[in-house]
Amino acid sequence: MKVHEYQAKDILESYGVAMQPGRVARTVDEAVEAAEALAEQGASMWVVKAQIHAGGRGKGGGVKLAKSIDEVRERADEILGMNLVTHQTGPEGQKVRALLIADAVDIAKEYYVGVTLDRQSSMDAIMVSTEGGVEIETVAEETPEKIHKVFIDPTIGLQGFQVRKLAFSLGFEGTAFKQATKFISALYTAYRESDATLAEINPLVLTEDGNVVAVDAKINIDDNALFRHKDLAALRDVHEEDPLEVKASEHDLNYIRLDGNVGCMVNGAGLAMSTMDVIKLAGGEPANFLDVGGSASAETVEAGFRIILEDPNVEAILVNIFGGIVRCDRVATGVVQAAKNVDIDVPLIVRLQGTNAEEGQQILEESGLPIETAILLKEAADKVTKALATPSTA
Ligand code: GDP
Ligand code: MN
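Each number in the numbering used here comes from the position in the sequence shown (counting from 1) with 180 added on.
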């Protein structure tokens, strides 16, 4: 789960990670109030920042400096409500519903610090670079020698020498060195304790007066750990997510929208992945990944159909269910019931395999509904691509 910058900063600050002070605002008046409150604490310049779940906001015009409260008002008015397009939002952009008003810092130098899980070594990795404020992917590609990494065995934890090595590789000295070591240690603790999959500071800055502080912050929380972080789960902002994915999660369906034209409904993530492969092999393009889970009940199948059909790109649907724990005849009854409740206006191909597959197929055939059936997955995929080629009669 992603959170906004202001939320990530709050989380990290609670672990003692040094943050540039700031306040969230949802209206222009609130932005002015936030700037005034920061001025009382010493701010004389502000930065007005769009809060969306995507990076690259600076380049897209979503991060602006303001030298006076009047300028804060003007910048807030411009950015709030704008449709911000960055390399991470895609061309459709994302509407700005909140701002972070921060006490602007005088930047001497920008750095990068990130913590993530390295699946290959089964260890956490902390990466630092002197090339901050730049997309880290670009640095990794063009000048990989400028990224320094340490790997942390989670059973041993982060060691002092590792932290010093990282701070040293960034060229810090004296007080800044001490601040950098404290910063990195606190960032790692925050990452571990909040069950994050990523904690990234880009840029970490050395200020003109010699302090080390985060100017931007990103933290992604492992969805599977949210049950034990109710406070973090409450930070979810559904406005930032695909509406169909939000709807699917309400029905406990694992749905990811893609840009093809074949809707697919499958039980089990592995089977869903291979179904997508077979659709591609047959010349189609999957419109989604959808795992309805083990039970594939009439309710989940119906919810699945509704979600798939809300995607206007869908021109055919392939249902591929393996009857292991759930029997195919029950699934078939569910499909028939769901197909009666939902107006399915595209060709529907159903492949049932496993326990009671023949009974299942019979139920589908006798339903009188325009459902094509298949036994082999290849056969099912071919029927889908054929259906795409012929205009729908349903
Ligand atoms: P991003 O573009 O979404 O990654 O947003 P950032 O928060 O990283 O801001 C983009 C850039 O704006 C930073 O790399 C900085 O160069 C600049 N910036 C952000 N905050 C400040 C600030 O307080 N002072 C100054 N001088 N520049 C800032
Ligand atoms: Mn940034």
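For glycine and all other residues, C-beta sits at the position ideal for the given N, C-alpha and C.
Going by DSSP, Val343 is part of the alpha helix (DSSP H) stretching over 340-349. A direct Cα-to-Cα measurement between Ala449 and Ala467 gives close to 15 Å. A Cβ-Cβ distance of about 5 Å is found for the pair Ala512 and Leu544, placing them in contact under the 8 Å criterion. Between the region 272-285 and the region 217-235, the count of Cβ pairs shorter than 8 Å is three or higher; the stretches touch. Contact between Leu498 and Ile529 holds: their C-beta atoms lie close to 5 Å from each other, under 8 Å. The chain-ordered list of residues whose CB is nearer than 6 Å to some heavy atom of the ligand MN reads Gly235, Asn382, Asp396. Excluding residues up to 5 positions away in sequence, nothing lies with its Cβ nearer than 7 Å to the Cβ of Pro324 in the same chain. Linking Ile505 to Leu532 through their CA atoms gives a straight-line distance of about 13 Å. Leu557 and Val458 have their C-alpha atoms some 8 Å from each other.
The count of Cβ pairs closer than 8 Å, one atom from the region 382-394 and one from the region 286-303, reaches three, so the stretches are in contact. Take Leu297, set aside five residues on each side of it, and the residues of its chain with a beta-carbon closer than 7 Å to its own are Asp304, Thr377, in chain order.
Taking a C-beta distance under 8 Å as the contact criterion, Leu470 and Ala452 qualify as a contact pair.
In the three-state DSSP reduction, Phe357 falls in the helix class (H, G or I). In this chain, the beta strand (DSSP E) harbouring Met307 covers 303-309. Rounded to whole angstroms, the separation of the alpha carbons of Ser309 and Lys244 is 25 Å. Glu465: not part of any beta strand (DSSP E); DSSP gives it neither H nor E.
Rounded to the nearest angstrom, the Cβ distance from Thr355 to His431 is 54 Å, too far for a contact under 8 Å. Under the three-state reduction of DSSP, Leu297 is assigned to strand.
By the neighbour-count criterion, in which a residue is buried when 16 or more other Cβ atoms sit within 10 angstroms of its Cβ, Glu380 is buried.
Closest in alpha carbon position to Ser224, among Thr570, Leu384, Ala284, Leu433, is Ala284. Straight through space, the alpha carbons of Pro527 and Ala567 are spaced by roughly 6 Å.
At least 8 Å separates the beta-carbon of Ser365 from that of Val330.
Relative to the ligand GDP, the beta carbon of Gly484 is positioned no closer than 7 Å to any heavy atom. Check the Cα spacing between Met445 and each of Ala478, Asp417, Glu421, Gly463: the tightest is with Ala478. Assignment of Met445 by DSSP, reduced to helix, strand and coil, places it in the strand class.
Short note on Arg203: C-beta not closer than 7 Å to any heavy atom of the ligand GDP. The region 217-245 contains, as complete alpha helix (DSSP H) runs of 4+ residues, the segments 237-240 (chain order).
Look at Ile487 here: in three-state DSSP terms it is helix. Under the three-state reduction of DSSP output, His328 falls in the strand class.
In the structure shown, the three-state DSSP call for Asn500 is strand.
Distance from the Cα of Tyr371 is smallest, within the candidate group Lys362, Pro271, Gly313, Ile401, for Ile401. Straight through space, the alpha carbons of Ile399 and Arg255 are spaced by roughly 26 Å. Counted as a single uninterrupted DSSP element, the stretch harbouring Asn400 is not any alpha helix (DSSP H) but the beta strand (DSSP E) occupying residues 398-401. Judged by their CB atoms, Val426 and Phe485 are not nearer to each other than the 8 Å cut-off. When only Cα atoms are considered, Asp417 and Arg237 end up about 18 Å apart.
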